[in-house]
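In this text, residue positions in the sequence shown follow full-length UniProt numbering: the first is 1, and each later residue adds one.
Every residue, glycine too, gets a C-beta built ideally from N, C-alpha and C.
Scroll down for the structure; my scribbles are underneath it.
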Amino acid sequence: MKLKLIEPLRELFRDKVRILGRLLSIPAPLVQRHTSPGPGLAIRIIGPVTREQAGILQQAGNIFIEEVRNANIYSQVSQAFAVLLPVNAVGVMGGKRTYEQVVALRAVQSEDFMTQIGMVAWSLSPVIFLTLNVGILPDHQRVNDVNRVTYDISSEPLVGLSGPRRQRIDNRDKMEELFIRQTQNLRFHQ
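Dropping the structure here:
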């Protein structure tokens with residue numbers, strides 16, 4: 001069977017697709033919806049990718065998007081997502097010491113989806129942005145196995161719009177070195 005692939009919209013990127021969607025009167029919630037990364041959630045998990053890790057990341061990401069919507073800033077943000085970092089942090093939950101995972105939250109604005117402005121949320125409201133993780137923090141027990149949330153507010157990080165570049169990590173020393181390299185451009189609010 002001989003088939004020919006026809007892709008009339010192949011040259012259109014997200015910004016142009018959104019313009020086309022508006023011209024075709026497609027409902028705004030569909031046109032403005034944030035996209036998922038092409039390679040899937042694995043691109044946002046630094047380190048070994050397992051079903052459990054993907055579940056944790058998906059749950060944290062869903063809560064983050066829910067909080068962005070509840071704060072009425074979803075339309076101001078081009079993309080918002082969580083990244084599961086390859087480190088654990090010491091914390092206290094239920095009166096006991098825990099050693100759990102860390103999630104980084106990132107929200108960006110972009111006109112063309114090629115360049116980005118980190119939601120240095122201070123341009124929105126520090127109070128709104130810094131409270132967005134309320135549902136992720138462990139005392140609310142909405143995401144198991146996470147006890148620390150950080151913010152990636154850099155304007156042009158080493159990571160792309162969708163998150164960190166995947167690299168194979170053979171041992172813990174290399175993983176820590178990679179983490180330090182990838183977080184050099186991150187600024188965390190204390």
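If you check the beta carbons only, do Ala-104 and Asp-145 fall under 8 Å apart? For the purposes of this step, residue 104 is taken as the residue at position 104 of the sequence shown. For the purposes of this step, residue 145 is taken as the residue at position 145 of the sequence shown. Going by C-beta atoms, Ala-104 is not nearer than 8 Å to Asp-145.
Please return the same chain residues whose Cβ sits closer than 7 Å to the Cβ of Gln-59, not counting the five positions on each side in sequence. The count along the sequence shown starts at 1 and reaches residue 59 at position 59. Excluding residues within five positions, the ones whose Cβ falls inside 7 Å are Val-143.
Relative to the alpha-carbon of Gly-47, which residue among Asn-70, Gln-101 and Lys-2 has its alpha-carbon at the smallest distance? As a working mapping, residue 47 is identified with position 47 in the sequence shown. Among Asn-70, Gln-101 and Lys-2, the Cα nearest to that of Gly-47 belongs to Gln-101.
I think Phe-64 touches Ala-82, with their Cβ atoms under 8 Å apart; what is that distance to the nearest whole Å? Here residue 64 is taken as the residue at index 64 of the sequence shown, counted from 1. Here residue 82 is taken as the residue at index 82 of the sequence shown, counted from 1. Rounded, the Cβ-Cβ distance is 5 Å, consistent with contact.
According to DSSP, is Leu-105 helix, strand or coil? Sequence index remark: in the sequence shown, residue 105 carries index 105 (1-based). Looking at Leu-105 - three-state DSSP - the assignment turns out to be strand.
Report the option in Leu-20, Lys-2 and Met-1 whose CA atom is closest to the CA atom of residue 196. As shown, the chain starts at 1 and ends at 190. That puts residue 196 outside it, with no answer to give.
Quick one: what's Val-92 bridged to in DSSP? One-based indexing of the sequence shown puts residue 92 at position 92. In DSSP, Val-92 forms a bridge with Arg-97.
What's the C-alpha gap between Tyr-99 and Arg-69? Locating residue 99 in the sequence shown gives position 99, where the first residue counts as 1. Locating residue 69 in the sequence shown gives position 69, where the first residue counts as 1. Approximately 30 Å, taken between the alpha carbons.
For Gln-109, tell me which candidate among Val-87, Val-92 and Val-77 has the shortest Cα-Cα distance. On the sequence shown, position 109 is the one that residue 109 refers to. That would be Val-77, whose Cα lies nearest to the Cα of Gln-109.
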